[in-house]
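Sequential numbering from 5 applies to the sequence shown in the numbering used here.
Okay, so here's the structure we're looking at.
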Amino acid sequence: MVNVAVLVSGGGTNLQAILDAQARGEIPNGRICAVISSREDAYALERAKQAQVPAMIMRRKDYESVQAYSDALESLLKDLDVQLVVLAGFMTVLAKSFCETFENRIINVHPALIPSFCGNGYYGLHVHEAALAKGVKVSGATVHFVNAITDGGPIISQKAVEVCEGDTPEILQKRIMEQAEWKLLPKAVSDFCDGKLTVVDGIVHHIEQNN
Ligand code: GAR
Numbered sequence: 005m006v007n008v009a010v011l012v013s014g015g016g017t018n019l020q021a022i023l024d025a026q027a028r029g030e031i032p033n034g035r036i037c038a039v040i041s042s043r044e045d046a047y048a049l050e051r052a053k054q055a056q057v058p059a060m061i062m063r064r065k066d067y068e069s070v071q072a073y074s075d076a077l078e079s080l081l082k083d084l085d086v087q088l089v090v091l092a093g094f095m096t097v098l099a100k101s102f103c104e105t106f107e108n109r110i111i112n113v114h115p116a117l118i119p120s121f122c123g124n125g126y127y128g129l130h131v132h133e134a135a136l137a138k139g140v141k142v143s144g145a146t147v148h149f150v151n152a153i154t155d156g157g158p159i160i161s162q163k164a165v166e167v168c169e170g171d172t173p174e175i176l177q178k179r180i181m182e183q184a185e186w187k188l189l190p191k192a193v194s195d196f197c198d199g200k201l202t203v204v205d206g207i208v209h210h211i212e213q214n215n
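Spelled out as structure tokens, the structure:
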């Protein structure tokens, strides 16, 4: 069983998608063992409670630097024997050392088709504002491993979603969540726990295992 920790900062709909997939038996080789929130008012904490998953709060402002925060998080995850870290709307930057310790064991969901609308400053609704300002006709979501470059790690999966006339950032965000994020993220978690994802020279390969 792979111990999975989900890191959150907000509403936690992606966390919910993972919890629902687990409840349906779709992550047979993984166990959500902890939810860690960078904000004490994140609704994601309520979702963890409902699912009876231990939830913790680690606020960035309680630490003097990104490094101190990342070190504390790293030691907590090691104490919990976590093998997979999922960033599900986690809005706090993590240190390079953290990314290296958990190399190819941190999965993030980004609400655009990387390499479009990604990198520093592109998070949450800002991503959809930028996509609409550019007038793209297709956007989507990307699930990827995390490295020290923001949104720059190996891509696990992507799904395109149509942009419609009259979309607001909120409408586009919801469509991308429903059609892409909530499907791709639980599947990536499940595939990781099944040992189906390998990274060679920065490229993710999906290995189908025959019994
Ligand atoms: C999601 O759209 C996720 O892709 C995005 O924040 C939202 C969190 O929603 N993440 C980023 O922008 C990371 N760069 P949720 O809390 O309901 O899952």
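Backbone N, C-alpha and C define an ideal beta-carbon position, used for all residues, glycine too.
Throw me the rounded Cβ distance for the residue i and residue j pair, which I believe falls under 8 angstroms.
{"i": "D11", "j": "I40", "result": "Note that residue 11 is Leu in the sequence shown here, rather than Asp. With a Cβ gap of about 5 angstroms, L11 and I40 count as contacting."}
{"i": "C122", "j": "D155", "result": "4 angstroms"}
{"i": "E78", "j": "T96", "result": "No, E78 and T96 are not in contact; Cβ-Cβ is about 13 angstroms, not under 8 angstroms."}
{"i": "S13", "j": "F94", "result": "5 angstroms"}
{"i": "V90", "j": "L81", "result": "Contact flag wrong, Cβ pair sits at about 11 angstroms."}
{"i": "I153", "j": "V208", "result": "Going by Cβ atoms, the distance from I153 to V208 rounds to 16 angstroms, so no, they are not a contact pair."}
{"i": "G144", "j": "V165", "result": "5 angstroms"}
{"i": "P173", "j": "L136", "result": "6 angstroms"}
When the distance is taken between beta carbons, is residue j closer than 8 angstroms to residue i?
{"i": "S69", "j": "L98", "result": "no"}
{"i": "V86", "j": "N33", "result": "no"}
{"i": "S161", "j": "L188", "result": "yes"}
{"i": "P190", "j": "I22", "result": "yes"}
{"i": "A38", "j": "G15", "result": "no"}
What residue range is occupied by the uninterrupted alpha helix (DSSP H) comprising residue i?
{"i": "R51", "result": "48-54"}
{"i": "F102", "result": "100-105"}
{"i": "V131", "result": "129-138"}
{"i": "T17", "result": "17-27"}
{"i": "S74", "result": "70-83"}
Any heavy atom of the ligand GTP inside 7 angstroms of the beta-carbon of residue i?
{"i": "Q177", "result": "The model depicted lacks the ligand GTP and carries the ligand GAR instead."}
I need the boundaries of the beta strand (DSSP E) containing residue i, first residue and last residue.
{"i": "A59", "result": "59-61"}
{"i": "I110", "result": "110-114"}
Mind checking whether the beta-carbon of residue i lies closer than 7 angstroms to any heavy atom of the ligand GAR?
{"i": "H148", "result": "no"}
{"i": "T17", "result": "yes"}
{"i": "P115", "result": "yes"}
{"i": "V89", "result": "no"}
{"i": "G170", "result": "no"}
{"i": "V12", "result": "yes"}
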